[in-house]
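My numbering runs 5 ahead of the 1-based position in the sequence shown.
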Amino acid sequence: MISLNALSKRYGDRLAVDDLTLDLKPGRVTGFLGPNGAGKSTTMRMVLGLDHPTSGTALVGGRPYRRLRDPLRAVGALLDARAAHPGRSGHAHLTALARSNGIPRRRVDEVLETVGLAGAPARKRAGTLSLGMSQRLGIAAALLGDPGVLMFDEPVNGLDPDGVRWVRGLMRALAGEGRTVFVSSHLMSEMQLTADHLVVIGRGRLIADAPLADVLAGSSLTGVLVRTPHAGDLAERLRADGMSVSRPGENELEVTGAPVERVGDLAHEAGIRLHELRAKEASLEQAYQELTAGSVEYGAGR
């Protein structure tokens, strides 16, 4: 488990991370969201000991990263897809990592096969790889020590649709094995398909730490959509029951304040025929925009 306790990081007058406290638990994919400049990369770097906290702690399995006996066997991370030496082949890069961490060389071939770089691609110099292939090499490096904790910063950048689906399946499979999977991304639609739990920060502070379903349900854009030739009659009945009702079309209603089952029951009791009845869920993008509306520092003008 990754545990952050009152974690803060200041660069001069700027507070990049502000008093973060949370636990990232095993067995689930935790999505890490926030606007540009929110402190996501800084938080991940502090977990990995690359940046020193101004105050507070970041622990992996109860220890700071620098005190882990075999760090690659405990934590695998991809923060920069271009981190490999450009003059080395992918195979040589992973072999050097394996030798320096006491990992059997056979593991290099195993992870190259896992990420789809076995054979000729592994012999290419890292500096000649496309961004998508570099991402795959970085994922291979993260998997090398078969760690219980995995951290990925924007892992699908540069990947084609098939690669994106592959990463999604990999994250789900790793979490299913009981590992802690921590993923930062700006692709809301992909995160909605991948994450079980969300951590959202803005201006360095925690905004949300909740299951994905709870974040979506908390959006003001959730509700019930109804289509009926008796929209006016049904609207009166629903408002009398305390619901908020709008009428976007002649035969359409949007209802908030009650679950879809209650709306259906009231329509049945009133003898009103329905042509459509369904729950309206906010997308993660919509819920995220509501959560972070006051935390965007680098928004472009309209």
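The C-beta atom is built at its ideal place from N, Cα and C for all residues, glycine as well.
Straight-line gap, S251 to L83 (C-alpha atoms, nearest Å): Locating residue 251 in the sequence shown gives position 246, where the first residue counts as 1. Locating residue 83 in the sequence shown gives position 78, where the first residue counts as 1. Taking the straight line joining both Cα atoms gives about 47 Å.
Could you name the residues of the same chain whose beta carbon sits closer than 7 Å to that of L271, not counting the 5 residues immediately before and after it, in chain order? Within the sequence shown, residue 271 is the residue found at index 266, counting from 1. These residues qualify, in order along the chain: R242, L243, D246.
According to DSSP, which residues form a beta bridge with M156? For the purposes of this step, residue 156 is taken as residue 151 along the sequence shown, with counting starting at 1. Paired residues: A82, F187.
So is L77 buried or exposed if we call it buried at 16+ other beta carbons inside 10 Å? For the purposes of this step, residue 77 is taken as the residue at position 72 of the sequence shown. Buried, because 16 or more other Cβ atoms sit within 10 Å of the Cβ of L77.
Count the other C-beta atoms from every protein chain shown that fall within 10 angstroms of the C-beta of K45, then say buried if there are 16 or more, exposed otherwise. Your numbering for residue 45 matches position 40 in the sequence shown. By the neighbour-count rule (16 or more Cβ atoms within 10 Å), K45 is buried.
Among K14, T297, P216, the one whose alpha carbon lies nearest that of R33: As a working mapping, residue 33 is identified with position 28 in the sequence shown. The residue with the shortest Cα to Cα distance from R33 is P216.
Considering only C-alpha positions, which residue in the set D28, V268, S225, T261 is nearest to T233? On the sequence shown, position 228 is the one that residue 233 refers to. Answer by Cα proximity: V268.
Quick one: what's got a C-beta closer than 6 Å to E290's C-beta in the same chain, skipping five residues either side? Looking up residue 290 in the sequence shown gives position 285. Contacts found: M193.
Which residue or residues does DSSP assign as beta-bridge partners of L27? Within the sequence shown, residue 27 is the residue found at index 22, counting from 1. Answer is L9, bridged to L27.
Beta-carbon gap between A43 and G209 smaller than 9 Å: One-based indexing of the sequence shown puts residue 43 at position 38. One-based indexing of the sequence shown puts residue 209 at position 204. In this structure, G209 lies closer than 9 Å to A43 by Cβ.
Residues near T261 in its chain [Cβ-Cβ closer than 6 Å; skip 5 each side]: Against the sequence shown, residue 261 aligns to sequence position 256. Contacts found: G228, S249.
DSSP three-state call for G17: helix, strand or coil? Residue 17 sits at position 12 when you count from the first residue of the sequence shown. Coil.
Excluding the 5 residues preceding and the 5 following D201 in the sequence, name in chain order all residues of the same chain whose CB lies nearer than 8 Å to its CB. Taking the sequence shown and counting its residues from 1, one reaches residue 201 at position 196. Hits under 8 Å: R33, V34, T35, A180, P216, L217.
Can you tell me which of the three DSSP states K45 falls into? Here residue 45 is taken as the residue at index 40 of the sequence shown, counted from 1. Helix at K45.
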